[in-house]
Amino acid sequence: MNHSSWPGFTTPFVAMVVLLILSSCAGGDIGTSKSIPLPDSAPTPVIDVQNLHFLAPEGMPVGVAVKVGRPTNSVLKSMDRQAIVDKHFSQITAENIMKPGYLHPAENTFFFDHADALVDYAASHDKTVHGHTLIWHQRLPNWMNTFSGDTAAWTFMMTNHITEIVSHFAADDIVVSWDVVNEAFANSDDDRDGRNDLRDTIWLENIGADYLAAAFRAANAADPNAELYYNDYDISGVPAKLRAVLDLVDQFQNDPNPVPIHGIGFQMHVSLTWPDIKQIRKSFALAVTTGLKIKITELDIALNTDRSRNPMSFAEFTDAVAVQQQERYEAIVAAYMDMVPEAQRGGISVWGIADSDNWLRRHNALEWPLLFDDNFESKPALQGIADGLTGGR
Ligand code: XIL
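Mapping to my numbering: the sequence shown position 224 is 226, numbers consecutive.
Okay, structure coming up:
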């Protein structure tokens, strides 16, 4: 959406300012002026963000997930997408092409062509890469799902997978961090026993709960300079799930031979209303007590995909909805800046460039969760993030 389509907000705002000026010139004599209420926060009439990532304090990455696998929307083939990434972001996450099934398609075969091309692109455009993801229960190659062997064989298979991938990218310091384990905890509401315990995965089943520590140790050995994250969804809104993650971190830190972990990734696929902003702030504050870095790894703000499975709320992306989304982006980023001290900020990444590419559209065509619209024009959401980073207008 082009910002020229926002006159609806400028007109009353300008009229009100003119009235206020007139009233003060007339010594406050214009009777009507006193009854005009000042809005709590006037909507931003213009999107004025030159380079989003420069608004963050130095050293705090502002990232974006990109697609590479298919020529139709690969960032490496699309000048529209590159223009946005170049201008606004300092870090890149591969949305899919660095997942296990992609990088490690057969037991003795690794496929690095696409990831290497992405890392080259990042290097030549002065960006870093956040690696996503080494161990997960989704996007596994078939051979891993059907692997058979005892605990030792499984542990070797998993650590070898990590070692090969992390060491491949270790040399040039472009891949500066990794989601080592993704989504290892169940959500209480979709877990059979209603607890936020470890998710049933091939890793838990065949290695036991120690797989998490083993994964982090292997990643650290392969690249001692890389920052290693545990990454999960809904931890900004489900206290029991965050508690489970913090207990894991506690175990890692209090192990006689401490497990190398440097950060907690909050995915933050959120909606306009869930989680409540107070809950988000509390969750950041709690996570900060670990002393680890806190990173928002996959931020997007859905309009019709609510965790509470609300029926569709918005059939159209209207100006008013865009402003609500802008305010929500600003509030979330402001919460992060307020609650996470500078030294612990691992950065903020959004989960995609433009609405048209976003993953939520697979299930619902009526989603507009990102900072740029289907025509690669900036949305008010971009201004929202910018204002969240800088502490408001
Ligand atoms: C999603 C991608 O965005 C989709 O394109 C893909 O089909 C499935 O995976 N949590 C994660 C991400 O950690 O890897 C997921 O990405 C979104 C949820």
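Note that beta-carbon positions come from the ideal geometry of N, C-alpha and C, so glycine has one too. As the structure is a prediction and not an experimental result, all values here were calculated from the model.
Residue i CB to nearest heavy atom of the ligand XIL below 7 Å
i           : result
residue 189 : no
residue 203 : no
residue 269 : yes
residue 134 : yes
residue 98  : yes
residue 180 : no
residue 370 : no
residue 276 : no
residue 75  : no
residue 300 : yes
residue 156 : no
residue 184 : yes
residue 232 : no
residue 235 : yes
residue 361 : yes
Residue interval of the alpha helix (DSSP H) (run including residue i)
i           : result
residue 282 : 279 to 290
residue 408 : The question about residue 408 has no answer, for the chain in this structure spans 3 to 395.
residue 116 : 115 to 126
residue 222 : 213 to 224
residue 392 : 382 to 392
residue 210 : Here residue 210 belongs to no alpha helix (DSSP H), and DSSP marks it neither H nor E.
residue 105 : 102 to 105
residue 147 : 144 to 147
First and last residue of the uninterrupted beta strand (DSSP E) at residue i
i           : result
residue 79  : No beta strand (DSSP E) holds residue 79; DSSP gives it neither H nor E.
residue 268 : 265 to 268
residue 245 : Segment 241 to 256 is the alpha helix (DSSP H) holding residue 245; no beta strand (DSSP E) there.
residue 347 : 347 to 352
residue 318 : No beta strand (DSSP E) holds residue 318; DSSP gives it neither H nor E.
residue 188 : Careful: residue 188 lies outside any beta strand (DSSP E) and carries neither H nor E.
residue 131 : 130 to 137
residue 67  : 64 to 68
residue 298 : 295 to 304
residue 231 : 229 to 234
residue 271 : 271 to 273
residue 52  : No beta strand (DSSP E) contains residue 52, which DSSP labels as neither H nor E.
residue 93  : 93 to 96
Nearest-angstrom beta carbon gap, residue j and residue i [assumed within contact, 8 Å]
i           : j           : result
residue 391 : residue 339 : 7 Å
residue 263 : residue 217 : 10 Å between Cβ atoms; not a contact.
residue 233 : residue 299 : 6 Å
residue 323 : residue 305 : 6 Å
residue 70  : residue 78  : 6 Å
residue 204 : residue 144 : The Cβ separation is near 12 Å, so there is no contact.
residue 213 : residue 159 : About 11 Å separates the two Cβ atoms, so there is no contact after all.
residue 266 : residue 231 : 7 Å
residue 80  : residue 129 : In fact, because the Cβ distance is near 16 Å, the residues do not count as touching under 8 Å.
residue 425 : residue 388 : This structure cannot speak to residue 425, because the chain is shown only from 3 to 395.
residue 380 : residue 51  : 7 Å
residue 331 : residue 386 : 3 Å
residue 66  : residue 351 : 6 Å
residue 307 : residue 365 : 7 Å
residue 168 : residue 224 : 4 Å
residue 286 : residue 337 : 6 Å
residue 246 : residue 199 : 7 Å
residue 250 : residue 288 : In fact, because the Cβ distance is near 14 Å, the residues do not count as touching under 8 Å.
C-beta neighbour in chain D for residue i, strict 8 Å
i           : result
residue 317 : The structure shown contains no chain D; it holds only a single protein chain.
Open item on the list: Under 8 Å: do the region 148 to 160 and the region 86 to 104 share three or more Cβ pairs, one atom per stretch?
Closed with: no
TODO: Tell me, please, whether the region 273 to 285 touches the region 250 to 259 by the rule of three or more beta-carbon pairs shorter than 8 Å.
DONE: no
Task: Contact the region 109 to 121 vs the region 364 to 383: 3+ CB pairs below 8 Å - done: no
Open item on the list: Using 8 Å as the cut-off, can you tell me whether the region 341 to 354 makes contact with the region 54 to 62, which would need three or more C-beta pairs spanning the two stretches below that distance?
Closed with: yes
Open item on the list: Across the region 126 to 135 and the region 170 to 179, are there enough close Cβ pairs to call them in contact, namely three or more that are closer than 8 Å?
Closed with: yes
Task: Three or more C-beta pairs below 8 Å linking the region 277 to 284 and the region 292 to 302 - done: no
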